[in-house]
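Visitor:
In full-length UniProt numbering, the protein residues as written are 1 to 297.
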């Protein structure tokens, strides 16, 4: 691009929340679970940036960190953006829990080809290869957290947190940590409203972030959700995502389809009525669609 060529105008970023580190994290991020291959990642990231997404969530176990890093390096200049304009999250895999935590975190930095990661999470409270009741699980969690605290102090991990922790795991961490986790990322949708965990996070200044906000097909096709969506002329996915962000809960919808990525991003130009928010909240029945960490010691 020559000096006389017009610079691309970036799309307006989505709203954000303030973390206990002082940094801001976008309310909307692109989840990349099961997005494999450079073409799918590139297509999804391009659509996301065009729609205003500025947050991208990956993990060691997704095996797509390198593809995400390459896509962002290629696409950010095309959208008139720089590294500082995006918020990148990755996660420590269960196989690296404990003594391999430093190696795992540094590997993520290398694969993403970054000097720092905005948010790095312990992905799961257990350790690969250990039984759920093994007493080494809490020992390994503590060791991993100590490593994350060190890398946070060095500026390599700007914020640190956890994913899939139960209230018990969180209380254990909060009692022994030097650095309070910035974020807890867990499954959250109208059928699983996580009241106890949200209350604990609110008390301790931890940002509660949602994954699997759309549940599965059964939630997207629930008659109540369909009825509410039809009343607004929206998709059921947009209604479910709006239900979360209207409560200040960041979401991470995932898709490799540009049209769907764009649709999922259009959740900030309308509001659900108080009645509809209450009706959706009344669906809570403790139903999980994803992994259940409650048995991990």
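The beta-carbon is built from N, C-alpha and C at its ideal position, and this holds for glycine as well.
Alpha carbon to alpha carbon, how far is residue 75 from residue 2? Give it in angstroms, no decimals.
Guide: As a working note, residue 2 is residue 2 in the chain shown. As a working note, residue 75 is residue 75 in the chain shown. For residue 2, the pLDDT reaches just 37, beneath the cut-off of 50, and the residue's location in the model is therefore unreliable, although a value from the coordinates is still provided. Each residue's alpha carbon lies about 18 angstroms from the other.
Visitor: Quick one: what's got a C-beta closer than 6 angstroms to residue 51's C-beta in the same chain, skipping five residues either side?
Guide: As a first step, residue 51 must be located in the chain shown, where it is residue number 51. The residues are 262, 265.
Visitor: In angstroms, rounded to a whole number, what distance separates the CA positions of residue 141 and residue 152?
Guide: On the chain shown, position 141 is the one that residue 141 refers to. On the chain shown, position 152 is the one that residue 152 refers to. Using only the alpha carbons, I get a separation of about 16 angstroms.
Visitor: Considering residue 207, what are the terminal residues of the beta strand (DSSP E) in which it resides?
Guide: The count along the chain shown starts at 1 and reaches residue 207 at position 207. Note, residue 207: beta strand (DSSP E), 207-211.
Visitor: Under the rule that 16 or more other beta-carbon atoms within 10 Å means buried, what is residue 187, buried or exposed?
Guide: Taking the chain shown and counting its residues from 1, one reaches residue 187 at position 187. It counts as buried.
Visitor: In angstroms with no decimal places, state the Cα-to-Cα distance between residue 289 and residue 144.
Guide: Here residue 289 refers to the residue found at position 289 of the chain shown. Here residue 144 refers to the residue found at position 144 of the chain shown. Going by the C-alpha atoms only, they are around 27 angstroms apart.
Visitor: Pull up the distance between the alpha-carbon of residue 16 and that of residue 28, whole angstroms please.
Guide: Numbered from 1 along the chain shown, position 16 holds the residue referred to as residue 16. Numbered from 1 along the chain shown, position 28 holds the residue referred to as residue 28. Residue 16 and residue 28: Cα-Cα distance of roughly 8 angstroms.
Visitor: Between the Cα of residue 84 and the Cα atoms of 225, 115, 90, which residue gives the shortest distance?
Guide: Locating residue 84 in the chain shown gives position 84, where the first residue counts as 1. Selected option, being the one with the closest Cα: 115.
Visitor: So, at 8 angstroms on beta carbons, what are the nonlocal neighbours of residue 177 in its own chain, with the 5 sequence-adjacent residues on each side left out?
Guide: Translated into positions along the chain shown, residue 177 becomes position 177. So the list reads 145, 149, once near-sequence residues are dropped.
Visitor: Let me confirm a value: residue 273 is counted as buried when at least 16 other C-beta atoms fall within 10 Å, else exposed. Which label applies?
Guide: Taking the chain shown and counting its residues from 1, one reaches residue 273 at position 273. Result: exposed.
Visitor: So residue 60 and residue 92 are in contact, right, with Cβ under 8 angstroms, and what is the actual spacing, rounded?
Guide: Translated into the one-based positions of the chain shown, residue 60 becomes position 60. Translated into the one-based positions of the chain shown, residue 92 becomes position 92. The pair is a contact, with the Cβ atoms about 6 angstroms apart (cut-off 8 angstroms).
Visitor: Going by DSSP, what residue range makes up the alpha helix (DSSP H) through residue 104?
Guide: In the chain shown, residue 104 corresponds to position 104, counting from 1. That run of the alpha helix (DSSP H) goes 101-112.
Visitor: Out of 40, 81, 11, 88, point me to the one whose CA is closest to residue 23's CA.
Guide: Numbered from its first residue, the chain shown carries residue 23 at position 23. Of the listed residues, the one whose Cα sits closest to residue 23 is 88.
Visitor: Within the same chain, show all residues whose beta-carbon is closer than 6 angstroms to that of residue 13, passing over the 5 residues directly before and after it, in chain order.
Guide: As a first step, residue 13 is located in the chain shown; it is residue number 13 there, counting from the start. Taken in chain order, the residues that qualify are 52, 54.
Visitor: Once the 5 residues before and after residue 5 are set aside, which same chain residues still bring their CB inside 6 angstroms of it?
Guide: Counted from its first residue, the chain shown places residue 5 at position 5. Here residue 5 scores only 44 on pLDDT, less than 50, and its place in the model should not be relied on; the value that follows carries that caveat. Excluding residues within five positions, none has a Cβ falling inside 6 angstroms.
Visitor: Per DSSP, what kind of secondary structure is residue 89 in: helix, strand or coil?
Guide: Working through the chain shown from its first residue, we reach residue 89 at position 89. It is a strand residue.
Visitor: Quick one: give me the first and last residue of the alpha helix (DSSP H) that residue 41 is part of.
Guide: For the purposes of this step, residue 41 is taken as the residue at position 41 of the chain shown. 38-51 is the extent of the alpha helix (DSSP H) around residue 41.
Visitor: Could you spell out where the beta strand (DSSP E) holding residue 218 opens and where it closes?
Guide: By 1-based counting over the chain shown, the position of residue 218 is 218. Residue 218 -> not in any beta strand (DSSP E); alpha helix (DSSP H) instead, spanning 217-220.
Visitor: At the level of alpha carbons, what is the spacing between residue 297 and residue 136?
Guide: Walking along the chain shown from the start, residue 297 turns up at place 297. Walking along the chain shown from the start, residue 136 turns up at place 136. Rounded to whole angstroms, residue 297 to residue 136 spans 9 angstroms at the Cα level.
Visitor: With H, G and I counted as helix, E and B as strand and the rest as coil, what does DSSP make of residue 185?
Guide: Looking up residue 185 in the chain shown gives position 185. DSSP places residue 185 in strand when its eight states are reduced to three.
Visitor: By how many angstroms is the C-alpha of residue 139 removed from the C-alpha of residue 224?
Guide: Locating residue 224 in the chain shown gives position 224, where the first residue counts as 1. Locating residue 139 in the chain shown gives position 139, where the first residue counts as 1. Near 44 angstroms, if we compare the C-alpha coordinates of residue 139 and residue 224.
Visitor: Counting pairs of beta carbons, one from the region 276-294 and one from the region 163-179, are three or more of them closer than 8 angstroms?
Guide: Verdict: yes, contact present.
Visitor: Ordered along the chain, which non-local residues of its own chain (more than five positions away) have a Cβ less than 6 angstroms from that of residue 124?
Guide: For the purposes of this step, residue 124 is taken as residue 124 along the chain shown, with counting starting at 1. Contacts found: 94, 164.
Visitor: Measuring from the CB of residue 57, is there a heavy atom of the ligand NAD at a distance below 8 angstroms?
Guide: Looking for the ligand NAD in the displayed structure turns up nothing, as the structure carries no ligands at all.
Visitor: Sort 10, 39, 19, 26 by Cα distance to residue 298 and report the nearest one.
Guide: Nothing about residue 298 can be read from this structure; the chain reaches only from 1 to 297.
Visitor: Spatial neighbours of residue 62 within its chain, please: CB distance less than 7 angstroms, with the 5 preceding and 5 following residues excluded, ordered by chain position.
Guide: Indexing the chain shown from 1 puts residue 62 at position 62. Contacts found: 32, 33.
Visitor: Sort out for me which residues DSSP pairs residue 288 with in a bridge.
Guide: Here residue 288 is taken as the residue at index 288 of the chain shown, counted from 1. Per DSSP, none; premise fails for residue 288.
Visitor: Apart from the five residues just before and just after residue 215, which ones in its own chain have a Cβ nearer than 6 angstroms to its Cβ?
Guide: Within the chain shown, numbered from 1, the residue matching residue 215 stands at position 215. Around residue 215: 189, 289.
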